[in-house]
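Per our numbering, the sequence shown starts with residue 515, numbered consecutively.
Notes for the one structure printed next.
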Amino acid sequence: MEKTENEIRNQYEKLTKKLIEKKLTVTTMESCTSGQIASLFTDTEGASAIIKGAFVTYSNEGKIMQGVPAETIEKFGVYSGETAAEMAKACRKAYYADIGIGVTGTFGNVDPNNPDSIPGKVYFAFEGNFGTRIFEKDLCCQKSRFAYKMAIAAEIAGELEKTI
């Protein structure tokens, strides 16, 4: 069942408070979500205690500039669990955070710059003391890019809740 925007916002408020309570810091490197995950975290008062910063790396070059190995993108593709894992690792290292979150994928159309893209396929990863966890999700057709962002945000929050 699809969650509403308010349900997703409430999910992030609870998750942010849980991270604050556990004194865990988090950072993101986001591509297809364009900073939506970081934004949802920072919608909760007190989030500055847990979010150290975030990167929006929409282009392959942006990912590489922030520490994702070019070889990973060349070997596995920008839309892959391996790239998401390297994104999580790179942002965690850059901000000395407890948890790094990397998100890459394609929403409603094929990316002309990356023809291996599959519309609706999104990869995300968490990097922390627990190791690396990689996820692959297929999103059903959404009404808008914002709806895609919120749909994957709900998936990320659900998996992170299980991880921490």
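Built from N, CA and C at the ideal position, the CB exists for glycine as well.
Environment of residue i [buried if 16+ CB atoms lie within 10 Å]
i      : result
GLU575 : exposed
SER594 : buried
SER631 : buried
TYR610 : exposed
GLU675 : exposed
ALA667 : buried
GLU641 : buried
LYS603 : buried
Cα-Cα separation between residue i and residue j, rounded to whole angstroms
i      : j      : result
GLN525 : LYS532 : 11 Å
THR542 : ASN520 : 22 Å
THR518 : LYS657 : 13 Å
ASP612 : GLY549 : 19 Å
ALA584 : GLY619 : 17 Å
MET579 : CYS546 : 17 Å
ALA661 : ASP625 : 18 Å
ASN627 : PRO633 : 13 Å
LYS537 : GLY560 : 12 Å
ALA568 : SER562 : 12 Å
PHE644 : THR677 : 8 Å
LEU554 : GLU673 : 15 Å
ARG523 : CYS654 : 20 Å
VAL582 : ASN623 : 24 Å
C-beta contact flag for residue i and residue j at 8 Å
i      : j      : result
THR558 : THR530 : yes
PHE638 : ILE587 : no
MET601 : LYS566 : no
CYS605 : GLY591 : no
VAL570 : GLU544 : yes
THR646 : ALA599 : yes
ILE692 : VAL617 : Nothing about residue 692 can be read from this structure; the chain reaches only from 515 to 678.
ASP469 : LYS663 : Outside the shown range of the chain (515 to 678) lies residue 469, about which nothing can therefore be said.
ALA665 : GLU527 : no
Secondary structure of residue i, DSSP reduced to three states
i      : result
ILE632 : coil
ILE564 : coil
ILE678 : coil
LEU554 : helix
Cross-strand partners of residue i (DSSP beta bridge)
i      : result
GLY622 : Looking at the DSSP assignment, GLY622 forms no beta bridge with any residue, so it has no partner.
ARG647 : PHE640
GLU585 : None, per the DSSP bridge assignment.
VAL617 : GLU544 and PHE638
VAL570 : GLU544
ASP652 : LYS635
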